[in-house]
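Q:
Numbering (the working numbering), first residue to last: 1 to 199.
1. So is residue 1 buried or exposed if we call it buried at 16+ other beta carbons inside 10 Å?
2. Among 26, 36, 192, which one has its Cα closest to the Cα of residue 104?
3. Would you mind reading off the limits of the alpha helix (DSSP H) that contains residue 144?
4. Would you mind stating whether residue 43 and residue 32 have Cβ atoms separated by less than 7 Å?
5. Just tell me which of 8, 28, 7, 36 has its CA closest to the CA of residue 17.
6. At the level of alpha carbons, what is the spacing between residue 148 and residue 142?
7. Go ahead and pull the three-state DSSP assignment for residue 12.
8. What would DSSP say about residue 104, mapped onto helix, strand or coil?
9. What do you get for residue 64, buried or exposed, if any count of 16 or more other CB atoms within 10 angstroms of its CB means buried?
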């Protein structure tokens, strides 16, 4: 018999189960029944805490947004320079994906959907905040002289996110999220040489 948990704890358990299932199953194929089975409750019990399946995905994406941004911000603040902060943010993001491989699967799935949705709004909020964090580091690096004044921060931010996404996509193809770590340092070194060489 499953123990009755306070609402917030049960909601957190449901969100964690959804993210865990997304590691191996396409988010569109995950049912509330799957989630209920994963945590050992009835499907009705899941609906006591979330009115719809979409509400679960909104909560899951909100959890990802809050936790990932907190880790990235913490990583950036721990470094004394803009370039070191960029490297720390990159490593923190790779580490987060390795720890929570279901998260990028949800993001990629949502970005493929033509219609706007509350889940996509969470994804958009994450990407906007992430981009702003990166722009702050680029501007700091340019101000301190670590990065060339001719650097295009917007383009550099786009490329930064793109290389992380590329590593994620390859790890999804191989089914080995931890493989990102072995490639990450070499990829970032090439990226860093590129932005330092800007006119």
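Positions of the beta carbon are idealized from the N, C-alpha and C atoms, including for glycine.
A: The structure says:
1. The predicted model places residue 1 with a pLDDT of 43, which falls under 50 and marks its position as unreliable; any figure quoted below should be read in that light. Label assigned to residue 1: exposed.
2. 26
3. 118 to 144
4. Yes, the Cβ-Cβ distance between residue 43 and residue 32 is below 7 Å.
5. 36
6. When rounded, the separation of the alpha-carbon atoms in residue 148 and residue 142 is 6 Å.
7. DSSP places residue 12 in helix when its eight states are reduced to three.
8. Residue state, collapsed to three classes: helix.
9. buried
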